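Written out below as structure tokens is the structure these notes cover.
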Amino acid sequence: MNFGNVKANRNLVFLSSIVLLAIAAALAAKALLPKAPVLSKEQIEKLREKYPLYENDPPNISMTIPGVEYIYKRADAVVFCEVTEILPEYYADLAQRNGMVKEPASSATFLQYKVKIREVVAGDIPGDTSGDKAGSDIIIVANAQLREYVPKLRPGMRIVTPVMAGSDQHEGKYHFSKYGFYYVTDDGYVLSAFVEDDKHAYTGRRLDYLKGKIKDLSGK
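Going by the working numbering, the first residue of the sequence shown is number 59, and it counts up by one from there.
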């Protein structure tokens, strides 16, 4: 037996173990470090591949772009929720008033998604008397004609969005759009789906920071 080789092999195993322990300790220390309060520009650009920005508005439609303060004040509620299911599209008549009678003007298709509420950030869900909707399911909808101008939702996606209660054929559902809408990343950062103004730019911030701002802006 070559005792020199045995000793050398033992030393090699010992050194390898030390290196592996050092790597494991470094990874553990990194995991325990507090998250940065704001993402870098490069990090945001990378995340935009998964969480796109919807910069354009529908052509041939004259509209005033609302500010987020107005949106959050006007919304019935602003919810932090998780998308659980893409539901089949449905048709609804677009009614117009003629005196006291509503006459159908045309029909439209609507996108709909089931979401599970994690938190009502501001406001109240109409019709709810429990005082706490966390864990409840609601259905959010958007006109399918705007499908290229609203976020494409998928199961597992976490979002923050203002909602407005529907009526008539939308009874029990809640309207949403890209305005005031934020994606929430796996590690708790937010990215807007709309073009923010400089005064209210929260993309790259932590979720808790956004929730605090929404509470302030909504006044609810």
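Heads up, the beta-carbon is just placed ideally off N, CA and C, and yes, glycines get one too.
Keep in mind it's a predicted model, so treat the numbers as computed, not measured.
Comparing alpha-carbon positions, which option in the options lies nearest residue i?
i, options, result
"Ile196", "Glu107, Leu249, Pro184, Arg205", "Pro184"
"Ile119", "Gly230, Tyr207, Asp266, Asp255", "Tyr207"
"Lys210", "Lys278, Lys104, Tyr240", "Tyr240"
"Gln170", "Ile198, Tyr149, Ser164", "Ile198"
"Pro117", "Gln203, Arg263, Thr167", "Gln203"
"Asp274", "Tyr128, Lys104, Arg106, Asp115", "Tyr128"
"Gly230", "Lys172, Glu107, Val242", "Lys172"
"Lys174", "Arg205, Tyr149, Met215, Asp182", "Met215"
Excluding five sequence neighbours on each side, which residues of the same chain lie with their C-beta closer than 7 angstroms to the C-beta of residue i?
i, result
"Met222", "Ala133, Asp134, Tyr232, His233"
"Pro124", "Tyr237"
Which one or two residues does DSSP pair with residue i in a beta bridge?
i, result
"Gly181", "Ala135"
"Tyr148", "Phe168"
"Arg212", "Per DSSP, none; premise fails for Arg212."
"Val96", "Arg263"
"Ser250", "Tyr240"
Report all residues from its chain with a CB closer than 8 angstroms to the CB of residue i; omit the five preceding and five following residues, and keep chain order.
i, result
"Ile272", "Tyr130, Val136, Val179, Ala180, Val218"
"Glu147", "Thr167, Phe168, Leu169, Gln170, Ala202"
"Tyr149", "Ser165, Ala166, Thr167, Phe168"
Exposed or buried, which one is residue i when buried takes at least 16 other CB atoms within 10 Å?
i, result
"Tyr109", "buried"
"Ser276", "buried"
"Asn156", "Its pLDDT being 46, under 50, Asn156 is placed unreliably by the model, and the measurement read from it follows with that caveat. Exposed, because fewer than 16 other Cβ atoms sit within 10 Å of the Cβ of Asn156."
"Pro16", "Absent from the model: residue 16. The displayed extent of the chain is 59 to 278, so no value can be given."
"Tyr247", "buried"
"Lys269", "buried"
"Thr122", "exposed"
Just checking: is the beta-carbon of residue i within a distance shorter than 8 angstroms of some beta-carbon in chain D?
i, result
"Asn201", "No chain D is part of this structure, which consists of one protein chain only."
Skipping 5 residues on each side, what residues in its chain have a beta carbon closer than 6 angstroms to that of residue i?
i, result
"Ala251", "Tyr112, Pro209, Lys236, Phe239"
"Val126", "Gly238, His258"
Compute the beta-carbon to beta-carbon distance between residue i and residue j, rounded to the nearest angstrom, for a pair I have assumed lies under 8 angstroms.
i, j, result
"Phe168", "Ala200", "7 angstroms"
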